[in-house]
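Number of protein chains: 2
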Amino acid sequence: MAVDVNELDIFERPASTGIQSIENGTPVLRALVQAKGPLSLTAIATATGMAPGKAHKYLASYIRAGLVTQNESGGRYDLGPFALELGVAAMRRIDVMEIAQAAMDELRNLLGYTVSLALWANHGPTIMRIAETPDIMSLTVRFGTVMPLLTSSFGRIFAAYLDRRITQNMIQAELADPKGLAAQAGLKTFADVEKMLAQFRARRMSVAENLSTPGRAALAAPIFDHNNRIVAAIAVVSMQGRLDLDADSRPARELANTARKLSQRLGAALDQIP
Amino acid sequence: MAVDVNELDIFERPASTGIQSIENGTPVLRALVQAKGPLSLTAIATATGMAPGKAHKYLASYIRAGLVTQNESGGRYDLGPFALELGVAAMRRIDVMEIAQAAMDELRNLLGYTVSLALWANHGPTIMRIAETPDIMSLTVRFGTVMPLLTSSFGRIFAAYLDRRITQNMIQAELADPKGLAAQAGLKTFADVEKMLAQFRARRMSVAENLSTPGRAALAAPIFDHNNRIVAAIAVVSMQGRLDLDADSRPARELANTARKLSQRLGAALDQIP
DNA sequence: AAATCTGTTACGGATTACGTAACGACTTTC
DNA sequence: GAAAGTCGTTACGTAATCCGTAACAGATTT
Numbered sequence: 001m002a003v004d005v006n007e008l009d010i011f012e013r014p015a016s017t018g019i020q021s022i023e024n025g026t027p028v029l030r031a032l033v034q035a036k037g038p039l040s041l042t043a044i045a046t047a048t049g050m051a052p053g054k055a056h057k058y059l060a061s062y063i064r065a066g067l068v069t070q071n072e073s074g075g076r077y078d079l080g081p082f083a084l085e086l087g088v089a090a091m092r093r094i095d096v097m098e099i100a101q102a103a104m105d106e107l108r109n110l111l112g113y114t115v116s117l118a119l120w121a122n123h124g125p126t127i128m129r130i131a132e133t134p135d136i137m138s139l140t141v142r143f144g145t146v147m148p149l150l151t152s153s154f155g156r157i158f159a160a161y162l163d164r165r166i167t168q169n170m171i172q173a174e175l176a177d178p179k180g181l182a183a184q185a186g187l188k189t190f191a192d193v194e195k196m197l198a199q200f201r202a203r204r205m206s207v208a209e210n211l212s213t214p215g216r217a218a219l220a221a222p223i224f225d226h227n228n229r230i231v232a233a234i235a236v237v238s239m240q241g242r243l244d245l246d247a248d249s250r251p252a253r254e255l256a257n258t259a260r261k262l263s264q265r266l267g268a269a270l271d272q273i274p
Numbered sequence: 275m276a277v278d279v280n281e282l283d284i285f286e287r288p289a290s291t292g293i294q295s296i297e298n299g300t301p302v303l304r305a306l307v308q309a310k311g312p313l314s315l316t317a318i319a320t321a322t323g324m325a326p327g328k329a330h331k332y333l334a335s336y337i338r339a340g341l342v343t344q345n346e347s348g349g350r351y352d353l354g355p356f357a358l359e360l361g362v363a364a365m366r367r368i369d370v371m372e373i374a375q376a377a378m379d380e381l382r383n384l385l386g387y388t389v390s391l392a393l394w395a396n397h398g399p400t401i402m403r404i405a406e407t408p409d410i411m412s413l414t415v416r417f418g419t420v421m422p423l424l425t426s427s428f429g430r431i432f433a434a435y436l437d438r439r440i441t442q443n444m445i446q447a448e449l450a451d452p453k454g455l456a457a458q459a460g461l462k463t464f465a466d467v468e469k470m471l472a473q474f475r476a477r478r479m480s481v482a483e484n485l486s487t488p489g490r491a492a493l494a495a496p497i498f499d500h501n502n503r504i505v506a507a508i509a510v511v512s513m514q515g516r517l518d519l520d521a522d523s524r525p526a527r528e529l530a531n532t533a534r535k536l537s538q539r540l541g542a543a544l545d546q547i548p
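Residue numbers (the working numbering), protein chains in the order written: chain A, 1 to 274; chain B, 275 to 548.
Laid out in structure tokens, this is it:
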């Protein structure tokens with residue numbers, strides 16, 4: 001009534017017809033999500049800009065829906081059992097590989113380097129997805145390849161974040177060969193390994209140059225799930241000398257950014273990871 | 275207009291005033307939760323008893339809220355990123371999960387068996403955390419799985435300690451099938467169930483062997499909160515024959531020890547529990 | 001090419017939600 | 001100890017919303 005319809009069509013999106021109350025109610029849920037614990041009615045009201053009476057009505061219905069609970073009667077509000085159920089259902093559908101695909105393509109386009117994704121299979125980090133550059137001198141990053149633990153960027157980032165019990169035997173095996181790749185990389189004892197991995201943890205990123213594949217350089221970053229455990233790693237791969245491995249380099253920053261976003265979409269709480 | 279207000283007050287609960295659309299919309303979310311994957315509009319419409327046009331409007335708003343996503347335009351509907359956010363936020367409020375993680379890892383390292391944690395959600399014991407062994411023959415204990423009440427170690431320990439009013443219907447349902455898992459386990463009447471649960475209560479631990487999952491054996495122990503009510507259960511899982519289920523076995527003792535510590539950290543008074 | 005699906009949108013009438021303000025219950029203040 | 005300030009909750013009338021029916025465009029099938 002107050003506003004001309006044509007003006008609305010210009011400035012606001014037509015926004016295919018929906019149910020307004022659904023959208024008006026979500027700020028209430030958002031407020032509860034962002035708060036670490038229970039909230040009072042007035043706190044919710046101020047956080048959402050609603051009048052207390054209005055917020056109360058939404059809360060009453062959310063309680064009946066199970067999305068919200070209230071401590072006794074008259075107490076503070078918090079997320080309810082259905083919120084948990086909803087989240088569990090959502091988590092079960094999320095597949096790292098699915099959501100990683102688009103992010104990998106983006107990163108590849110942004111940087112112009114080959115980007116690949118590895119999961120931890122029983123025998124080590126296994127390359128599962130590749131976003132290649134159209135470069136002629138294409139790097140042979142092949143699907144299904146199992147990378148070494150101590151001498152590849154993928155292996156190193158998994159070694160840095162996986163439970164040591166899982167990696168113990170593999171580390172031992174790679175250290176055992178006095179002329180192996182690990183030894184060539186200057187890794188001879190567990191202390192050497194631990195020192196290296198600590199650096200990668202601090203940086204939340206691993207580096208490998210001219211090791212498992214001659215002339216190759218790579219950066220890898222971890223992807224965590226809702227349990228804050230590493231579930232995958234994403235790497236930027238190129239030729240030695242053509243990829244800046246510094247922590248402040250553009251590839252490093254963008255890679256870290258992409259990995260962080262993916263972790264967040266998986267429900268990780270990155271501020272709680274060592 | 276159609277119905278006398280006084281009649282309504284008698285038969286329906288006054289139900290403190292809320293927002294009807296919020297409650298009318300939840301069946302849409304429920305349908306998506308219960309489905310294992312994406313659903314078409316018509317599938318949602320039939321599942322909720324709504325007309326397609328109506329369901330579409332709710333979905334449009336849920337999409338804008340982030341609770342639902344749609345595969346491209348015109349595709350099927352599924353839970354969205356905000357559903358995940360909601361769930362992660364809800365999970366974070368559950369103290370047990372925070373403190374259980376480290377204890378589970380410890381127990382896994384100590385025993386060499388897979389350890390998992392379940393909470394009671396609306397539909398039964400739901401697996402929320404897993405600490406896996408690096409074994410190649412990894413058991414497929416999957417996040418979010420809802421376990422049966424009478425034929426899983428998780429279900430049994432919850433059944434033993436939860437208020438019977440909560441479990442009554444589920445027990446009845448599982449007993450109803452004369453060829454179901456419960457019947458195969460020798461459970462036919464409520465008396466059978468009560469006898470079994472009494473044993474688990476006495477031992478403060480439940481057992482399941484070769485039941486809901488063929489070839490699997492598991493021990494589960496309850497975790498109580500400051501109200502001395504069961505809030506979670508922790509289980510040691512392995513293959514049949516590879517896990518000693520005796521009360522005096524090392525796995526049983528260590529599991530009981532871990533569960534006791536967790537209960538104490540939650541403020542339980544274990545000596546007052548039947 | 002007609003027919004049946006799909007997902008999506010339009011329209012009028014009945015229902016619903018919003019804003020304001022009041023209500024008890026409790027705590028703080030003077 | 002009374003008054004004034006919280007808090008969560010509820011009532012009321014008007015304006016805006018939602019519901020049901022039905023049509024629309026697009027894709028696939030018959």
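Beta carbons are placed, not taken as given, at the ideal position from N, Cα and C, and that holds for glycine. Bear in mind that the values here come from a model prediction, so they are computed numbers and not experimental data.
Chain-ordered neighbours of residue i on chain B, where CB pairs are closer than 8 Å
| i | result |
| --- | --- |
| R97/A | First, the residue type needs correcting, since residue 97/A is Met and not Arg in the sequence shown. Going along chain B, no residue has its Cβ under 8 Å from M97/A, so there is no contact; the nearest lies around 16 Å. |
| T17/A | K331 and A334 |
Neighbour list for residue i in chain A, Cβ cutoff strictly below 7 Å
| i | result |
| --- | --- |
| L303/B | L86 |
| N345/B | Under the 7 Å cutoff, chain A gives no residues; its nearest Cβ is about 11 Å from N345/B. |
| P408/B | R165 and I166 |
| T400/B | V88 |
Interface partners of residue i on chain A, CB under 8 Å
| i | result |
| --- | --- |
| A395/B | P81, L84, E85 and V88 |
| V510/B | Those do not exist, as V510/B stays about 16 Å from chain A at its closest Cβ, beyond 8 Å. |
| G489/B | Under the 8 Å cutoff, chain A gives no residues; its nearest Cβ is about 19 Å from G489/B. |
| T300/B | A65, G66, L67 and F82 |
Contact list for residue i against chain B, beta-carbon separation under 9 Å
| i | result |
| --- | --- |
| E194/A | In chain order: nothing, as chain B lies at least about 18 Å away. |
| G37/A | R367 |
Cutoff 6 Å; reference residue i; Cβ partners in own chain excluding five residues on either side
| i | result |
| --- | --- |
| V420/B | H397, G398 and T400 |
| Y62/A | V68 |
| L255/A | L219, A221 and V236 |
| D283/B | Summary for D283/B: the model assigns pLDDT 33, below 50, so the residue's position carries little reliability, and this model does not support an answer. |
| L449/B | A456 |
| I293/B | none |
| Y387/B | V510 and S512 |
| Q442/B | none |
Own chain residues within Cβ distance below 8 Å of residue i, not counting five before or after
| i | result |
| --- | --- |
| N531/B | none |
| A247/A | R203 and M205 |
| F11/A | Low per-residue confidence applies at F11/A: pLDDT is 36, beneath 50, and the placement is therefore not dependable, though the value from the model is reported in the following sentence. There are no such residues. |
| A121/A | V146 |
| R430/B | L423, L424, M470, L471, F474, S480, V481, A482 and A494 |
| G186/A | D192 |
Bounding residues of the beta strand (DSSP E) (the contiguous stretch that carries residue i)
| i | result |
| --- | --- |
| F200/A | Taken as a continuous stretch (DSSP letters only), F200/A belongs to no beta strand (DSSP E), being part of the alpha helix (DSSP H) at F190 to R203. |
| L313/B | L313/B -> no beta strand (DSSP E), and no H or E assigned at all. |
| A220/A | R216 to F224 |
| A526/B | Not the beta strand (DSSP E): A526/B falls in the alpha helix (DSSP H), residues R524 to R539. |
Closer than 7 Å at the beta carbon, the chain B residues around residue i
| i | result |
| --- | --- |
| M91/A | L358, G361, F417 and G418 |
Sequence-distant residues of the same chain with beta carbon closer than 7 Å to residue i, five excluded per side
| i | result |
| --- | --- |
| I273/A | F224 and N228 |
| A2/A | Any reading at A2/A needs caution, since the residue's pLDDT is 33, under 50, leaving its predicted position unreliable; the model's value is listed next. Around A2/A: no qualifying Cβ. |
| S153/A | S206, V207, A208, A218, L219, A220 and A235 |
| R92/A | none |
| E7/A | Confidence in E7/A is poor, its pLDDT being 36 and thus under 50, which makes the residue's placement too unreliable to answer from. |
| S263/A | I223, F224 and L270 |
| A103/A | T258, K261 and L262 |
| G454/B | E448 |
| A329/B | V302, L315, I318, A319 and T322 |
| A331/A | The structure shown does not extend to residue 331/A, since chain A spans only 1 to 274, so no value can be given for it. |
Where the alpha helix (DSSP H) containing residue i begins and where it ends
| i | result |
| --- | --- |
| A233/A | No alpha helix (DSSP H) contains A233/A, which is instead part of the beta strand (DSSP E) from I230 to M239. |
| S212/A | No alpha helix (DSSP H) contains S212/A, which DSSP labels as neither H nor E. |
| P301/B | Q294 to Q308 |
| L270/A | From DSSP, L270/A is part of no alpha helix (DSSP H); its letter is neither H nor E. |
| N169/A | R164 to A176 |
| A185/A | That residue, A185/A, is in no alpha helix (DSSP H); it is neither H nor E in DSSP. |
Contact set between residue i and chain A, taken where Cβ atoms lie within less than 9 Å
| i | result |
| --- | --- |
| N383/B | D163 and R165 |
Proximity test, residue i beta-carbon vs the ligand SAH heavy atom, cut-off 7 Å
| i | result |
| --- | --- |
| E72/A | The model depicted lacks the ligand SAH and carries no ligand whatsoever. |
So within the stretch 49-124 of chain A, which uninterrupted beta strand (DSSP E) runs reach at least 3 residues, ignoring any that extend past its ends? 68-70, 77-79 and 114-121
Could you tell me which whole alpha helix (DSSP H) segments of length 4 or greater appear in the stretch 125-161 of chain A? 153-161
Which of the residues in the stretch 513-531 of chain B, read from start to end, lie with their CB under 7 Å from any CB of chain A? Against chain A - using a Cβ distance shorter than 7 Å - the stretch 513-531 of chain B contributes no residues.
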